[in-house]
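Written out below as structure tokens is the structure these notes cover.
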Amino acid sequence: MAQTADLFEFLCRMGDNTLVLGHRVSEWCGHAPVLEEDIALANTALDLIGQTQMWLGLAAEVEGQGRSADDLAMLRDAWNFHNVLLVEQPNRDFGVTILRQFLFDAWHVEMLQRLITSSDQRIAEVAAKSVKEATYHLERSSTTVIALGDGTGESHNRMQDALNLLWPYVGELFADDAVDTAMSEEGIAPKSSDLRDAVMARITDVLAEATLQVPDGDFTHKGGKTGFQHTEHLGHMLVAMQNLQRSYPGATW
Amino acid sequence: MTQQRNEWPLWEIFIRGQHGMSHRHVGSLHAADSETAILNARDVYTRRNEGVSIWVVQAQQITASSPSDKGPLYEPSEAKVYRHPSFFDIPKEVGAM
């Protein structure tokens with residue numbers, strides 16, 4: 001059996017990715033450019049937060065310290081969140097939001113497809129349930145990236161700006177550390193680097209169809225999934241997300 | 254680069270429910286093309302497990318009857334009660350029709 005600490009860490013990474021992105025996407029609720037997108041984004045956010053309940057619920061169970069998924073989501077500070085830096089980036093305009101979603105979805109679908117055959121039955125079940133939602137998210141975000149990238153001059157430029165901004169955050173998705181190695185040795189999850197070829201093929205296909213240029217250089221921001229160094233944006237987001245539990249500890253309704 | 258428009262076209266949405274019923278009109282929404290209209294319809298109209306199939310039709314492709322034609326179109330059938338199959342005794346064994 002893998003060390004409990006490693007398994008807990010892996011599950012928190014999965015849950016923190018979906019939680020942070022889910023909250024970011026939910027910030028669009030009531031603000032999206034058209035009604036149809038508003039509802040679609042809210043659905044996506046709810047899917048991701050639903051998946052978070054499963055991942056963090058399982059993490060809390062594995063930890064065995066009496067914490068719940070809610071405790072993990074609402075009562076940890078920024079340095080204990082181990083999501084990749086990509087998902088905590090602010091929404092900015094709709095182009096950045098949808099491109100961030102696409103880059104995450106491309107990785108997410110591949111990861112979940114691999115986790116369906118996890119040696120840990122509980123993880124396999126969460127993955128099987130989540131992958132249908134993630135597949136839809138990817139279809140939707142791919143279609144939108146292509147439509148906007150290969151759209152008007154304005155939409156193309158905004159998507160190219162979004163890609164230039166977010167591209168340095170993609171590499172972290174494929175960066176291995178000791179937790180990845182431990183998960184891989186037990187057949188619980190693939191190494192992050194194992195996903196690179198399949199995910200990059202998916203991403204570059206869509207970007208080519210969207211007439212977008214992949215930026216030069218392979219510089220990668222890191223520090224989110226290890227918790228070593230988040231961007232300044234995560235703390236601000238958590239202030240809004242956790243405000244209620246922090247102001248009224250234990251409040252329920 | 255495609256032609257620039259101020260608004261996406263309007264699509265009428267038809268959804269078939271779980272139990273083999275025909276597609277029913279459920280409403281309309283805006284989308285850039287038919288594939289996106291289906292995705293939008295999925296998000297707007299099937300969130301509560303309402304359907305297993307979606308049709309989308311661009312609203313401008315629908316030809317509708319004119320309300321001012323209602324006299325000649327519909328009123329002649331009002332006086333033809335014999336067109337309703339209500340003059341037969343249905344045997345009890347048949348059950349609910």
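Taken in sequence, the protein lines are chains A and B.
Numbered by my numbering, the letters in the first sequence go through residues 1 to 253 in order.
Numbered by my numbering, the letters in the second sequence go through residues 254 to 350 in order.
Note that the Cβ used here is the ideal one computed from N, Cα and C, for glycine as well.
A quick note: this is a predicted structure, and the numbers were derived from the prediction, not measured.
Does the Cβ-Cβ distance between residue i and residue j come in under 8 Å?
i                      : j                      : result
residue 98 of chain A  : residue 144 of chain A : yes
residue 157 of chain A : residue 215 of chain A : no
residue 87 of chain A  : residue 20 of chain A  : yes
residue 221 of chain A : residue 168 of chain A : yes
residue 15 of chain A  : residue 56 of chain A  : yes
residue 193 of chain A : residue 176 of chain A : yes
residue 268 of chain B : residue 299 of chain B : yes
residue 60 of chain A  : residue 71 of chain A  : yes
residue 282 of chain B : residue 37 of chain A  : no
residue 293 of chain B : residue 32 of chain A  : no
Closest to residue i by C-alpha separation, out of the options, would be which residue?
i                      : options                       : result
residue 251 of chain A : A/75, A/230, A/229 and A/28   : A/75
residue 279 of chain B : B/347, B/303 and B/338        : B/303
residue 44 of chain A  : A/104, A/60 and A/247         : A/104
residue 212 of chain A : A/23, A/161 and A/244         : A/161
residue 78 of chain A  : A/248, A/245, A/231 and A/249 : A/231
residue 263 of chain B : B/340, B/315 and B/295        : B/315
residue 8 of chain A   : A/226, A/243 and A/37         : A/226
residue 224 of chain A : A/253, A/172, A/182 and A/209 : A/172
residue 137 of chain A : A/80, A/42 and A/91           : A/42
residue 208 of chain A : A/89, A/159 and A/178         : A/159
residue 123 of chain A : A/53, A/206, A/201 and A/249  : A/53
Comparing the C-beta of residue i with each C-beta of chain A, is any distance below 8 Å?
i                      : result
residue 265 of chain B : no
residue 285 of chain B : yes
residue 334 of chain B : no
residue 268 of chain B : no
residue 296 of chain B : yes
residue 300 of chain B : yes
residue 292 of chain B : yes
On the DSSP letters alone, give me the boundaries of the alpha helix (DSSP H) that residue i sits inside.
i                      : result
residue 79 of chain A  : It is not in any alpha helix (DSSP H) - residue 79 of chain A carries neither H nor E in the DSSP assignment.
residue 140 of chain A : 121-149
residue 55 of chain A  : 35-63
residue 182 of chain A : 178-185
residue 90 of chain A  : First-last for residue 90 of chain A: undefined, no H or E at that position.
residue 12 of chain A  : 4-26
residue 236 of chain A : 232-247
residue 202 of chain A : 196-209
residue 323 of chain B : 323-327
Just the Cα atoms here: how many angstroms apart are residue i and residue j?
i                      : j                      : result
residue 112 of chain A : residue 131 of chain A : 6 Å
residue 285 of chain A : residue 330 of chain B : Residue 285 of chain A is absent from the structure shown; chain A starts at 1 and stops at 253.
residue 233 of chain A : residue 85 of chain A  : 9 Å
residue 101 of chain A : residue 66 of chain A  : 33 Å
residue 228 of chain A : residue 121 of chain A : 30 Å
residue 12 of chain A  : residue 135 of chain A : 22 Å
residue 195 of chain A : residue 188 of chain A : 14 Å
residue 254 of chain B : residue 83 of chain A  : At residue 254 of chain B, the pLDDT of 49 sits below 50, so the modelled position is not reliable; the number obtained from the coordinates is stated separately. Taking the straight line from one Cα to the other gives about 37 Å.
residue 118 of chain A : residue 150 of chain A : 38 Å
residue 301 of chain B : residue 275 of chain B : 19 Å
residue 186 of chain A : residue 3 of chain A   : 10 Å
residue 154 of chain A : residue 62 of chain A  : 49 Å
residue 180 of chain A : residue 191 of chain A : 5 Å
residue 5 of chain A   : residue 290 of chain B : 46 Å
residue 320 of chain B : residue 326 of chain B : 10 Å
residue 286 of chain B : residue 147 of chain A : 10 Å
Between residue i and chain B, is any beta-carbon pair separated by less than 8 Å?
i                      : result
residue 181 of chain A : no
residue 43 of chain A  : yes
residue 39 of chain A  : yes
residue 34 of chain A  : yes
residue 134 of chain A : no
Beta strand (DSSP E) containing residue i: first to last residue?
i                      : result
residue 277 of chain B : 277-283
residue 305 of chain B : Counting along the chain, residue 305 of chain B falls outside any beta strand (DSSP E), and DSSP gives it neither H nor E.
residue 107 of chain A : It is not in any beta strand (DSSP E) - residue 107 of chain A instead sits in the alpha helix (DSSP H) that spans 94-115.
residue 267 of chain B : 263-269
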